[in-house]
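Participant: This is the structure, below, for whatever I ask next.
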Amino acid sequence: MAEKRRPSKRQSRPKGQRAQGHVPSRRGSERSGGAAAHGTPRTGTSRATGTPRASRGSRGSSRSSLGSSMGTSHAARYGTSRASHRGTGSRAPHDTARSREVRGTRADRGREVRSRDGRGHDARQPRKMLRPKDTGLELRREEYGQTSLGARSQTSRRRQESRLRKIRDLGSTRPPFPFKPLIAIVAVLLVASVGVLAGTSIMRALRQPAQTQEAGGKVVMKGGRSTAIDDSAKIFTTTYDWDNATTKRGRISYKMGGTVVSRTGIDVSEHNGKIDWSKVAADGIDFAYIRIGYRGSVEGNITHDRRFEQNFDGARKNGLDVGVYFFSQAITAEEARDEARYVVRQLDGYATEYPVVFDMEPSTSGDDRVSSLTNDQMTAIAKAFCKEMQKNGYYACVYGSRADLAHYDLAALSRYGFWYAEYGKAPTMALRYGIWQYTDSGKVDGIDGDVDLDIDLTGALEKVQRAEKSKAQ
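Following the working numbering, the numbering of the sequence shown begins with 83 at its first residue and continues without gaps.
Right, dumping it as structure tokens:
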């Protein structure tokens, strides 16, 4: 016989009657929590003070009245369909699983929020339902004073359009980028650069010694003046008639056929000090020989003339033709070649209008390096210097007085020519030379003190030798 089951409290309880000790459902908790939130007074006894509490029935009636009032306010906010449910005070049916969840399940406890009530006690309050006005969006609307999303969007669009209009207006009023002036400046700079490059190339071409290389390897000099003697057999045959020479202001000129064929020049070094080359040129000077360096007579070191660049550039800039000379104390042919290479390096490609001169002046006292050399040694040294210079494209020449030239085999050096030094109104040595230094006490504007004066006879020498060739043919 089957045992009769004892009815549960839910089954034995009449409909509409609450069982004693029944835990309210979630909706009931929400209603009671809502009532507490709205400030409805409770009667009864608190656990802390012992004051009398209201009975369960009275508490139920108060809940019913609170539910009615909340229903009315809920209807005003959410409509009649939801208000009818909340305003009647009756609980909405719910399933058993949800009841079990509300009756103290772990998930339910996780959703509840602990807070303190007005009297300082911990109270479990159900989680409030999130309403639209509680969202961050609604708060942001209220913060910016906007009541509708559409109005804020329209305002945002207006602001965006206003910003775009300002940007367009700014672009239309901003001055355009100066492309044309920039292009013009770049074009001018390019033209200037091309002009500078072209000028530099022309100057380098002018400075380069004029020469060509033949197939046989022989260097052929082009341009500049040469003092070379074509026929060494006629080296001591004079070519000049000094009756055709005239002197004015201490300067000698030479005429052929009534025409002046000579030029007036000077030779200077650092010993002449600072020179005003513009005044020199204005004083009727046509060319200048400038010392480029020297070898010491004791230790034999090559030394640069301290005023070479200043004199060389100053003479050229003021329209004077220039030549350079090196004061040698070489005691071997190799030292002479070293001196010639030094001159080439210092000229750095500059072409000279006059030959590069080898100047060796043995001391009469015999206290220098070269006084003890034989004539053959001195001739070999001078020849080595001149040959090295012409190998690098420069005409060469040998300087000396009658005493100096007496140390050389002049016939062996005739292919280079001579710069002869003798002070007087006319030379006394029968020698074919291209340049004559006739005084060491000349006066020239722009130079303090005395200066050497020279006469260029290469034009006369060339005419005489040309006439001799024509006669021989």
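Just so it is clear, CB atoms sit at the ideal spot from N, CA and C, and this is done for glycine as well. All values reported here derive from a predicted model rather than from experimental measurement.
(1) Which parts of the stretch 387-446 are runs of the alpha helix (DSSP H), unbroken and 4 residues or longer, counting only runs that do not cross its ends?
(2) Quick one: Cα of Tyr-226 to Cα of Thr-237, how far?
(3) May I ask you to list the residues that DSSP assigns as paired with Gly-347?
(4) Any idea what DSSP makes of Gln-555, helix, strand or coil?
(5) Assuming the contact rule is C-beta atoms closer than 8 Å, Ser-308 and Pro-437 should be a hit. Round their C-beta distance to whole Å, please.
(6) So what's Asp-450 in DSSP terms, helix, strand or just coil?
(7) Can you name the residues that DSSP bridges to Ala-269?
(8) What residue range does the beta strand (DSSP E) around Ile-517 cover?
(9) Can you find at least 3 beta carbon pairs, one from the stretch 422-436 and one from the stretch 465-477, that sit closer than 8 Å?
(10) For Phe-467, name the three-state secondary structure that DSSP assigns.
(11) For His-489, I'd like the list of residues in its chain whose CB is within less than 6 Å of its CB, leaving aside the five on either flank, ordered along the chain.
(12) Where does Ser-308 sit, in a helix, a strand or coil, going by DSSP?
(13) Can you tell me the Cα-Cα spacing of Ala-542 and Glu-470, whole angstroms?
(14) Please tell me whether Asp-534 and Ile-367 are closer than 8 Å, where the distance is taken between their beta carbons.
(15) Just to check my reading of the structure: Thr-385 and Gly-378 have Cβ atoms closer than 8 Å, yes? What is that Cβ distance to the nearest angstrom?
(16) What separation, rounded to the nearest whole angstrom, lies between the Cα atoms of Ala-512 and Leu-487?
(17) Keeping to the same chain, check which residues put their C-beta closer than 6 Å to that of Arg-514; ignore five residues upstream and five downstream.
(18) Could you check where the alpha helix (DSSP H) with Arg-484 kicks off and where it finishes?
(19) CB-CB under 6 Å to Tyr-371, same chain, minus the five flanking residues each way: which ones, in chain order?
(20) Under three-state DSSP, which class holds Arg-250?
(21) On the DSSP letters alone, give me the boundaries of the alpha helix (DSSP H) that Ser-335 sits inside.
(22) Taking all protein chains shown into account, do 16 or more other C-beta atoms lie within 10 angstroms of the C-beta of Pro-444, making it buried, or fewer, making it exposed?
(23) Buried or exposed for Leu-402, please, with buried defined as at least 16 other CB atoms from any protein chain shown within 10 angstroms of its CB.
(24) Is there a C-beta anywhere in chain C that falls below 8 Å from the one on Asn-400?
(25) What did DSSP end up calling Gly-541 once you bin it into helix, strand or coil?
(26) So Lys-330 is in the beta strand (DSSP E); what residue range does that whole segment cover?
(27) Between Ile-249, Gly-499, Ile-463, Thr-346, which has its C-alpha nearest Phe-409's C-alpha?
(28) Where does the unbroken alpha helix (DSSP H) through Trp-359 begin, and where does it stop?
(29) Note down the Cα distance separating Tyr-502 from Ala-554, rounded to an integer number of angstroms.
(30) Would you list the residues sitting across from Arg-240 in a DSSP beta bridge?
(31) Out of curiosity, what's the CA-to-CA distance linking Ser-351 and Arg-389?
(32) Might you give, ordered along the chain, the residues of its own chain that have their beta carbon closer than 7 Å to the beta carbon of Ser-483, omitting 5 neighbours on each side?
(33) My output table needs one value for Gly-277: the three-state DSSP class, helix, strand or coil.
(34) With respect to the beta strand (DSSP E) encompassing Phe-500, which residues constitute its N-terminal and C-terminal limits?
(35) For Leu-31, collect the residues of the same chain with a Cβ closer than 7 Å to its Cβ; drop the 5 residues on either side in sequence, then sort them by chain order.
(36) State the DSSP-derived secondary structure class of Val-546, mapped to helix, strand or coil.
Facilitator: Let's see:
(1) Qualifying alpha helix (DSSP H) stretches, in chain order: 390-399, 415-429.
(2) Below a pLDDT of 50, predicted positions are generally treated as unreliable, and Tyr-226, at 48, falls in that range; no measurement from the model is reported.
(3) Paired residues: Phe-369, Asp-536.
(4) For Gln-555, the three-state secondary structure derived from DSSP is coil.
(5) The beta carbons of Ser-308 and Pro-437 sit about 7 Å from each other, so the pair counts as a contact at 8 Å.
(6) In the three-state reduction of the DSSP assignment, Asp-450 falls in the coil class.
(7) According to DSSP, which records beta bridges pairwise, Ala-269 is partnered with nothing at all.
(8) Unbroken beta strand (DSSP E) run through Ile-517: 517-524.
(9) These segments touch.
(10) Correct three-state label for Phe-467: helix.
(11) The answer, listed in chain order, is Asn-457, Met-460.
(12) Reduced to three states, the DSSP call for Ser-308 is coil.
(13) Cα to Cα, Ala-542 sits roughly 27 Å from Glu-470.
(14) Ile-367 is positioned such that its CB atom lies no closer than 8 Å to that of Asp-534.
(15) With a Cβ gap of about 6 Å, Thr-385 and Gly-378 count as contacting.
(16) Our two residues, Ala-512 and Leu-487, have alpha carbons roughly 12 Å apart in a direct line.
(17) Setting aside the 5 residues that flank it on each side, Arg-514 is surrounded in the same chain by Ile-311, Ile-317, Thr-321, each with a C-beta closer than 6 Å to its C-beta; the list follows chain order.
(18) From DSSP, the alpha helix (DSSP H) with Arg-484 extends over 484-487.
(19) Asp-349, Gly-405, Tyr-407, listed in sequence order.
(20) Here Arg-250 sits in helix by DSSP.
(21) Looking at the DSSP string, Ser-335 is not in any alpha helix (DSSP H); the run it does join, the beta strand (DSSP E), is 333-338.
(22) Within a 10 Å sphere around the beta-carbon of Pro-444 sit 16 or more other beta-carbons, which makes this residue buried.
(23) Result: buried.
(24) Annotation note: the requested chain C is absent from the structure, which comprises a single protein chain.
(25) It is helical.
(26) Element bounds for Lys-330: 327-330.
(27) Among Ile-249, Gly-499, Ile-463, Thr-346, the Cα nearest to that of Phe-409 is on Ile-463.
(28) Per DSSP, Trp-359 belongs to the alpha helix (DSSP H) from 359-364.
(29) Going from the Cα of Tyr-502 to the Cα of Ala-554 covers about 28 Å.
(30) Secondary-structure assignment with DSSP links Arg-240 through no beta bridge to anything.
(31) For Ser-351 and Arg-389, the distance between alpha carbons rounds to 7 Å.
(32) Correct list, in chain order: Ala-503, Glu-504.
(33) The DSSP-derived three-state label of Gly-277 is helix.
(34) Note, Phe-500: beta strand (DSSP E), 500-503.
(35) The chain is shown only over 83 to 555; residue 31 falls outside these bounds and no answer can be derived.
(36) For Val-546, the three-state secondary structure derived from DSSP is helix.
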